[in-house]
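J.: Top to bottom, those sequences are chains A and B. All residue numbers for the first sequence refer to our numbering, where the first residue is 1 and numbers rise by one. All residue numbers for the second sequence refer to our numbering, where the first residue is 1001 and numbers rise by one.
Protein chains: 2
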Amino acid sequence: MQNERLIFLTNDDGYMSKGFRAAIEVARSFGHVIAIAPDRVQSGMSQAITISTPLFLRQVESTDDVEIYSFSGTPVDCVKVAFDHFLQERKIDLVLSGINHGSNAAVNVMYSGTMGAAIEGSFYGIPAVGLSLDDHSAEADFEAAVEYGRRIVAAVLDAAATLPRPLCLNVNVPAIPLGEIQGIKPCRQTKGFWREDFYRRQDPHGRDYFWLTGKFNNAEPDAEDSDEWALAHGYVAVVPVQVDMTDYRMLSALPDILP
Amino acid sequence: MQNERLIFLTNDDGYMSKGFRAAIEVARSFGHVIAIAPDRVQSGMSQAITISTPLFLRQVESTDDVEIYSFSGTPVDCVKVAFDHFLQERKIDLVLSGINHGSNAAVNVMYSGTMGAAIEGSFYGIPAVGLSLDDHSAEADFEAAVEYGRRIVAAVLDAAATLPRPLCLNVNVPAIPLGEIQGIKPCRQTKGFWREDFYRRQDPHGRDYFWLTGKFNNAEPDAEDSDEWALAHGYVAVVPVQVDMTDYRMLSALPDILP
């Protein structure tokens, strides 16, 4: 029964990344896996879509239980081509995006291609889980992320029939050994913003260039219900994500301000 | 007094677009204009940032009241390099992003590079206005968007001292003559999602390609408080935008579901 499930997988670090292989480990525990992932690193691509150029799909791997395709677009493009073209006839049980190399807690949910894809997946009425490990290194240890990813995916699949849609979870796993993890903690998105310290040098031709490098300023480091607090205290942080960005407090003030 | 103000301008259609020139008309009514805009079309780039490649800044134009630079990054990169490097010593009164060729109402707020930049601007504590015209054509008529853009920017600048931060407005102007516009309407973000109908052909070398083309499915076409309704009925739609994407309703259900 469990093995008849169909899991759609994507990410933003590309199909060659270690985290993508770790996500396959998670997904294949639950059934057949179909993956369409970017053909190169698409980290920081947010909800970006490709409007002005054609995109190419290529089969990378096919076994009895895992099919992998690479796509030349963004993570969201991967989801769109999957659900609006490739998988139209097939019922998908879950969208898994990741496992991301690096945390997508707090406002990173907005910059992350991994979360962009998870959010887009949820727009198709399918439960979506974005899974990230708080370690940017290419050789990060995904053991704890795989184990907690499995537990959370199992719980979502079990409850899927009773949960409203869209349903999207932003799951972040701390970079500590599996045995040291304190548990799973439902959280809200931490308030705070990035400030950049541009690395500035000259290229070999004498042209100045800028290279983005920044630091997250946590506006509420002591908020125990925030995802950054959970991560910093050894918990797997789970933030449910929705996309109504209306500022309702400001909305009620606008009639007094606008002409 | 009014002429001492400093407006930061960016967009996602690039500094060569007609809408960018229209935005300069809006901004220069209020003071000195400093613009850093993408060096090419960056439509659909969402909140994307450039992590893996160096970026180049180039002065394009400089007059007494307007300075324009092009940047090789995304719209959000333009804002970051402006506020974290270029403008650090200067007090900016308003961030204006646009005028976008095409509506950014409803869930388009998430895909739009114009709104990505406006949102990013608001993270620096400065009032931000994303301004879009519901007409994708390169030669769109921006007269009404310029006029209503001016009215809304004037109102925001007047009220800025009393309004909380972050403050970001998503302003969409219908593609009708100025005289037919019904007024300005504060709204909430319309519910609904895009579904794609991929254009599929072969390139000159016989490779199949996909080209994104889609249609917005409005889940609530009769909702008079939604931005799509306002646009369809001749109003300038103004949605205040915030970035806490936590699904609080789902958050209270999670403890019963997660292990």
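Quick reminder that beta carbons are idealized off the backbone N, C-alpha and C, glycines included. Quantities reported herein were computed from a predicted structural model and do not represent experimental measurements.
What residues match up with Tyr1235 (chain B) in a beta bridge as DSSP calls it?
T.: On the second sequence, residue 1235 (chain B) is found 235 positions in, with the first residue counted as 1. Bridge partners of Tyr1235 (chain B): B:Gly1183.
J.: How would you call Gln2 (chain A), buried or exposed, if buried means at least 16 neighbouring beta carbons within 10 angstroms?
T.: In the first sequence, the residue the question calls residue 2 (chain A) occupies position 2. Note that Gln2 (chain A) scores 46 on pLDDT, short of 50, meaning its location in the model is unreliable; the coordinates nonetheless yield the value given after this. Per the 10 Å Cβ criterion, exposed.
J.: So with CB distances below 8 Å, who are the chain A contacts of Tyr1209 (chain B)?
T.: As a working mapping, residue 1209 (chain B) is identified with position 209 in the second sequence. Simply Pro54, Leu55 and Phe56.
J.: Taking CB distances under 8 Å as the criterion, tell me whether Ala1084 (chain B) reaches chain A.
T.: Locating residue 1084 (chain B) in the second sequence gives position 84, where the first residue counts as 1. Residue 1084 (chain B) is actually Asp in this sequence, not Ala. For Asp1084 (chain B), the answer is yes, since a Cβ of chain A falls inside 8 Å of its Cβ.
J.: Please report the distance separating the alpha-carbon of Ile132 (chain A) from that of Ala1144 (chain B).
T.: In the first sequence, residue 132 (chain A) corresponds to position 132, counting from 1. In the second sequence, residue 1144 (chain B) corresponds to position 144, counting from 1. Note on identity: in this sequence residue 132 (chain A) is Ser, with Ile being the wrong assignment. Looking at the two C-alpha atoms, the distance is approximately 45 Å.
J.: Do the CB positions of Val300 (chain A) and Leu1254 (chain B) come within less than 8 Å of each other?
T.: The structure shown does not extend to residue 300 (chain A), since chain A is modelled only from 1 to 259, so the question has no answer here.
J.: Just checking, does the stretch 1161 to 1177 of chain B make contact with the stretch 1121 to 1130 of chain B on the three C-beta pairs under 8 Å criterion?
T.: With a cut-off of 8 Å, the stretch 1121 to 1130 of chain B and the stretch 1161 to 1177 of chain B count as touching, because enough Cβ pairs lie within range.
J.: In chain order, which continuous runs of the beta strand (DSSP E) of length 3 or greater are located wholly inside the stretch 115 to 139 of chain A?
T.: As far as the stretch 115 to 139 of chain A is concerned, its whole beta strand (DSSP E) runs of at least 3 residues are 128 to 133.
J.: Does Lys1091 (chain B) come out as helix, strand or coil in the three-state DSSP assignment?
T.: In the second sequence, counting from the first residue as 1, residue 1091 (chain B) sits at position 91. Here Lys1091 (chain B) sits in coil by DSSP.
J.: So which residues on chain B does Val239 (chain A) lean against when the C-beta distance must stay under 7 Å?
T.: For this step, residue 239 (chain A) is matched to residue 239 along the first sequence. What Val239 (chain A) touches in chain B: Thr1246.
J.: I'd like to check one pair, Ala48 (chain A) with Gly98 (chain A): are the Cβ atoms closer than 8 Å?
T.: On the first sequence, residue 98 (chain A) is found 98 positions in, with the first residue counted as 1. On the first sequence, residue 48 (chain A) is found 48 positions in, with the first residue counted as 1. No.
J.: Looking at the unbroken alpha helix (DSSP H) that takes in Ile1257 (chain B), where does it start and where does it end?
T.: Taking the second sequence and counting its residues from 1, the one referred to as residue 1257 (chain B) is at position 257. Unbroken alpha helix (DSSP H) run through Ile1257 (chain B): Tyr1248 to Ile1257.
J.: Please confirm whether Glu1220 (chain B) has its beta-carbon closer than 8 Å to some beta-carbon of chain A.
T.: The residue given as residue 1220 (chain B) occupies position 220 in the second sequence. For Glu1220 (chain B), the answer is no, since every Cβ of chain A falls outside 8 Å of its Cβ.
J.: Which residues in the same chain have their Cβ closer than 8 Å to the Cβ of Leu55 (chain A), if we skip the five residues on either side of it in sequence?
T.: Reading the first sequence from its first residue, position 55 is the one you call residue 55 (chain A). Hits under 8 Å: Phe71, Ser72, Gly73, Asp77 and Val81.
J.: To which residues of the same chain is Val1243 (chain B) closer than 7 Å at the C-beta, ignoring the five residues directly before and after it?
T.: As a first step, residue 1243 (chain B) is located in the second sequence; it is residue number 243 there, counting from the start. So the list reads Ile1119, once near-sequence residues are dropped.
J.: Would you please verify whether the beta carbon of Phe20 (chain A) is less than 8 Å from any beta carbon of chain B?
T.: Counting from one through the first sequence, the residue named residue 20 (chain A) turns up at place 20. Judged by the 8 Å Cβ criterion, Phe20 (chain A) is not in contact with chain B.
J.: Give the list of continuous beta strand (DSSP E) stretches no shorter than 3 residues that lie fully inside the stretch 65 to 112 of chain A.
T.: Fully enclosed beta strand (DSSP E) runs of 3 or longer: 66 to 71 and 94 to 101.
J.: Taking just the CA atoms, how far does Leu87 (chain A) sit from Leu9 (chain A)?
T.: Numbered from 1 along the first sequence, position 9 holds the residue referred to as residue 9 (chain A). Numbered from 1 along the first sequence, position 87 holds the residue referred to as residue 87 (chain A). Leu9 (chain A) and Leu87 (chain A): Cα-Cα distance of roughly 12 Å.
J.: Which bits of chain B does Ile36 (chain A) rub up against, with CB to CB less than 9 Å?
T.: As a working note, residue 36 (chain A) is residue 36 in the first sequence. By Cβ distance, chain B contributes nothing, its closest Cβ being about 11 Å from Ile36 (chain A), past 9 Å.
J.: Hey, Thr1246 (chain B) and Gln189 (chain A): beta-carbon distance below 8 Å or not?
T.: For the purposes of this step, residue 1246 (chain B) is taken as the residue at position 246 of the second sequence. For the purposes of this step, residue 189 (chain A) is taken as the residue at position 189 of the first sequence. Against a cut-off of 8 Å, the Cβ pair of Gln189 (chain A) and Thr1246 (chain B) comes out as a contact.
J.: Can you say whether Leu1212 (chain B) is buried or exposed, counting buried as having 16 or more other CB atoms within 10 angstroms of its CB?
T.: Numbered from its first residue, the second sequence carries residue 1212 (chain B) at position 212. It counts as buried.
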